[in-house]
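Novice: Let me begin by handing over the structure; questions about it come next.
Residue numbers (the numbering used here): 2 to 272.
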């Protein structure tokens, strides 16, 4: 049913899509509304945006007179439905909060686009951001195995068997509940940040070839960890990631701008 199709194109979609449309000319913006529903005007800007959303980016002039009329009726139906939803207070609570968040997010995105539009970061800014990112990279990567079980007693039993010369790979294959059990507990190469903190903290205390003397508890269960190898990390060359750094620089600038706006705003926090 066409009306149901109209409802499926929510106000959320229209708000988000608005960030991707070009501003209309002053003449069009000043034109009379294309319709008025219970006193609420539907501007030509809204109608044009709806057509672009509904018809794959087409402008009103790309549609036949019949298509334009049909599309306008759909939009009028959407407005009438939205007004009825407001009468029934369906926008109270979480639905209303979602609408407010989407609107605020869309407006902030528009501000970001204007703030960063047409201004490319300088070479100095790009290089400084690259250096900062490289400095934050872990200095080493690790290759390790582990045995993951549900309780501490079983983990201690695994360690006892290892102390007696048991094979770590076989114990992991036979006992670990982790998917790595099929590989003898082998986790491959990873950086410490990729693992939960108790795991990475214990791992970084080990010598190559050694396993943890006591079980390590994490949110996933109890681990017995063995460090297989370590190697120094090599950051990607500056030229290889330069294109990706520009948006990071712009994002940092915008975040600093938002902080200044917050400082200048009158904010009353309840939490």
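Positions of the beta carbon are idealized from the N, C-alpha and C atoms, including for glycine.
Note that the coordinates shown come from a computational prediction; the quantities given were computed from them, not determined experimentally.
May I ask you to list the residues that DSSP assigns as paired with residue 217?
Specialist: Bridge partners of residue 217: 224.
Novice: Compare the beta carbon distance of residue 197 and residue 220 with 8 Å and say whether it is the shorter of the two.
Specialist: Yes.
Novice: Unbroken alpha helix (DSSP H) runs of length 4 or more, entirely within the stretch 163-199: which are they?
Specialist: Entirely contained in the stretch 163-199, the alpha helix (DSSP H) runs reaching 4 residues are, in chain order, 169-176.
Novice: Apply the 10 Å Cβ neighbour rule to residue 118 and answer buried if 16 or more other Cβ atoms are within range, or exposed otherwise.
Specialist: That one is exposed.
Novice: At what residues does the alpha helix (DSSP H) containing residue 265 begin and finish?
Specialist: Start and end: 239-265.
Novice: Less than 8 Å between the CB atoms is what I'm expecting for residue 169 and residue 186, so what's the real figure, rounded?
Specialist: 7 Å between Cβ atoms; contact.
Novice: With DSSP run on the structure shown, which of helix, strand or coil describes residue 47?
Specialist: In the structure shown, residue 47 sits in a helix (DSSP, three-state: H, G or I).
Novice: So which of 270, 259 and 238 has the shortest CA-CA distance to residue 134?
Specialist: For residue 134, the nearest C-alpha among the options comes from 238.
Novice: With a cut-off of 8 Å on the beta carbons, I'd call residue 55 and residue 41 a contact; round off their distance for me.
Specialist: Residue 55 to residue 41, Cβ: 20 Å. No contact.
Novice: Any contact of the stretch 120-139 with the stretch 155-174, i.e. 3+ C-beta pairs under 8 Å?
Specialist: Verdict: no, contact absent.
Novice: Looking at residue 175 and residue 1, is the spacing between their C-beta atoms short of 8 Å?
Specialist: Any property of residue 1 remains undetermined from this structure, which presents the chain solely from 2 to 272.
Novice: Measure the C-alpha to C-alpha separation of residue 106 and residue 45 and round it to an integer number of angstroms.
Specialist: Answer to the nearest angstrom: the Cα atoms are 23 Å apart.
Novice: Is the stretch 101-115 in contact with the stretch 52-70, if contact means three or more CB pairs nearer than 8 Å?
Specialist: No, they do not touch.
Novice: Pull the bridge partners of residue 41 from the DSSP assignment, please.
Specialist: Residue 41 pairs with 38.
Novice: For residue 177, count neighbouring Cβ atoms within 10 angstroms of its own Cβ and tell me buried if that reaches 16, exposed if not.
Specialist: Looking at its Cβ environment, which holds 16 or more other Cβ atoms inside 10 Å, residue 177 is buried.
Novice: Checking the sheet assignment: what are the DSSP bridge partners for residue 230?
Specialist: Partner(s): 144.
Novice: Buried or exposed, going by whether 16 or more other CB atoms sit within 10 Å of the CB of residue 213?
Specialist: Residue 213 should be labelled buried.
Novice: Return the first residue and the last residue of the alpha helix (DSSP H) that residue 72 is part of.
Specialist: 66-88 is the extent of the alpha helix (DSSP H) around residue 72.
Novice: Tell whether a beta-carbon distance below 8 Å holds between residue 242 and residue 122.
Specialist: Not closer than 8 Å, so no.
Novice: Taking the alpha-carbon of residue 69 as reference, which of 204, 115, 49 and 205 has the nearest alpha-carbon?
Specialist: The candidate whose alpha carbon is nearest that of residue 69 is 49.
Novice: Let's see if you can read the secondary structure: which residues bound the alpha helix (DSSP H) around residue 268?
Specialist: No alpha helix (DSSP H) holds residue 268; DSSP gives it neither H nor E.
Novice: Quick check on DSSP: helix, strand or coil for residue 103?
Specialist: Helix.
Novice: DSSP three-state call for residue 135: helix, strand or coil?
Specialist: The answer is helix: DSSP assigns residue 135 an H, G or I state.
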